[in-house]
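Q: The number in the working numbering is simply the position in the sequence shown, starting from 1, with 280 added. For glycine and all other residues, C-beta sits at the position ideal for the given N, C-alpha and C.
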Amino acid sequence: MLDKVGQTSAAVAVAGELPIRFSGAGYRVGAVSILCGIDLELAAGPPTVLLGPNGSGKTTLLKLAMGLFAPTTGGITFAGRSTPAAGRRAIVFQKPVMLRRSAAANVAYAMTAAGRPAERSEVARLIAEVGLGGLGDRPARRMSGGEQQRLALARALARDPEVLFLDEPTASLDPASTKAVEDIIARVAGAGVKIVMSTHDLGQARRLAGEVVFLAKGRLIEKAAAPGFFASPSTDEARRFLAGELVL
Ligand SMILES: Nc1ncnc2c1ncn2[C@@H]1O[C@H](COP(=O)(O)OP(=O)(O)OP(=O)(O)O)[C@@H](O)[C@H]1O
Ligand SMILES: [Mg+2]
281 MLDKVGQTSA AVAVAGELPI RFSGAGYRVG AVSILCGIDL ELAAGPPTVL
331 LGPNGSGKTT LLKLAMGLFA PTTGGITFAG RSTPAAGRRA IVFQKPVMLR
381 RSAAANVAYA MTAAGRPAER SEVARLIAEV GLGGLGDRPA RRMSGGEQQR
431 LALARALARD PEVLFLDEPT ASLDPASTKA VEDIIARVAG AGVKIVMSTH
481 DLGQARRLAG EVVFLAKGRL IEKAAAPGFF ASPSTDEARR FLAGELVL
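1) For M477 and G306, I'd like the C-alpha separation in whole angstroms.
2) So what does DSSP say about F521, is it helix, strand or coil?
3) L431 and A383: beta carbons closer than 8 Å?
4) Give me every residue whose Cβ sits closer than 6 Å to any heavy atom of ligand 3, in chain order.
5) Assign A309 to buried or exposed, taking buried as 16 or more other Cβ atoms, counted over all protein chains shown, within 10 Å of its Cβ.
6) To the nearest angstrom, report how far apart V285 and Q428 are at their CA atoms.
7) Give me the Cα-Cα distance between M391 and V329, rounded to the nearest whole angstrom.
8) Where does P449 fall in DSSP's three states?
9) Contact between the stretch 361-370 and the stretch 398-417: three or more CB pairs below 8 Å?
10) Please confirm whether any heavy atom of ligand 2 lies closer than 7 Å to the CB of S514.
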């Protein structure tokens with residue numbers, strides 16, 4: 281069984297998701313331009329962290345990269361293909377929606393949906409990995425916001441993703457849970473999963489980012505290796521953003 285699973289995931293990995301390349305990609309709803317002229321390559325390597333003010337387009341960019349909808353102008357390719365391969369991308373939204381089932385059943389469902397056998401021991405391991413050990417039988421929708429956010433992470437990892445998109449993954453977590461989730465993200469990234477995440481927590485961005493993509497008003501303003509970005513951003517917008525000034 282394990283051999284079979286190993287072979288299956290290896291076979292899918294060959295098809296691959298990366299790099300995800302945006303070429304002049306834009307997204308417009310009616311007269312509103314939400315993202316405009318995005319040229320960006322998301323490649324294997326350390327985490328890419330999206331930074332930018334509220335409404336700058338981070339969540340929309342994550343959804344486009346996840347393949348949830350297509351850009352209205354320009355294009356996006358996934359390892360050179362214009363349609364994403366099924367299954368090896370996962371996304372955790374800011375407000376995850378849980379199935380009306382136990383925590384364990386939510387994780388098991390995600391595993392099955394991704395074509396992996398939902399073995400009890402693996403489900404329990406994932407739940408423990410996100411610090412929810414012992415809560416597997418709890419109704420997922422009764423769990424606290426922070427617990428649900430961590431459960432959503434376990435559910436995403438259950439898909440054995442090659443790329444994991446995280447939209448403000450610690451937005452409603454207390455400091456200890458934030459640290460726990462950051463540790464998981466670092467571990468998952470270390471194991472070779474590409475992390476693409478948004479955050480408003482600049483400390484977190486400094487701790488986790490390999491590179492930073494800075495957005496403002498739907499445009500990609502700056503993309504840089506994280507140390508350089510934080511030490512001396514090359515655009516005035518990013519400098520003002522890091523200084524806590526409003527970028528308008
Ligand atoms: N389907 C839609 N229809 C109309 N406007 C939309 C739609 N989706 C997003 N927007 C608008 O696009 C802009 C970008 O939204 P998005 O959620 O991507 O921003 P964000 O950078 O994630 O912001 P935040 O930091 O607040 O999460 C916002 O002004 C939002 O209101
Ligand atoms: Mg957002």
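A: Answer, in terms of the structure:
1) Counting from 1 along the sequence shown, the entry for residue 477 is found at position 197. Counting from 1 along the sequence shown, the entry for residue 306 is found at position 26. So the alpha carbons of these two residues sit roughly 19 Å apart.
2) Reading the sequence shown from its first residue, position 241 is the one you call residue 521. The answer is helix: DSSP assigns F521 an H, G or I state.
3) Working through the sequence shown from its first residue, we reach residue 431 at position 151. Working through the sequence shown from its first residue, we reach residue 383 at position 103. Contact: yes.
4) As for ligand 3, it is missing from this structure, which binds only ligand 1 and ligand 2.
5) Position 29 of the sequence shown, counted from the start, is the residue given in the question as residue 309. One point to set straight first is that residue 309 is Val, not Ala, in the sequence displayed. Its Cβ having fewer than 16 others within 10 Å, V309 is exposed.
6) Position 5 of the sequence shown holds residue 285. Position 148 of the sequence shown holds residue 428. Low confidence applies here, because V285 scores a pLDDT of 39, under 50, leaving its location unreliable and the question unanswered by this model.
7) Start at 1 with the first residue of the sequence shown, and residue 391 comes out as number 111. Start at 1 with the first residue of the sequence shown, and residue 329 comes out as number 49. If you take the alpha carbons of M391 and V329, they lie about 26 Å apart.
8) Counted from its first residue, the sequence shown places residue 449 at position 169. Looking at P449 - three-state DSSP - the assignment turns out to be coil, as it is neither helix nor strand.
9) no
10) Your numbering for residue 514 matches position 234 in the sequence shown. S514 Cβ: outside cutoff for every heavy atom of ligand 2.
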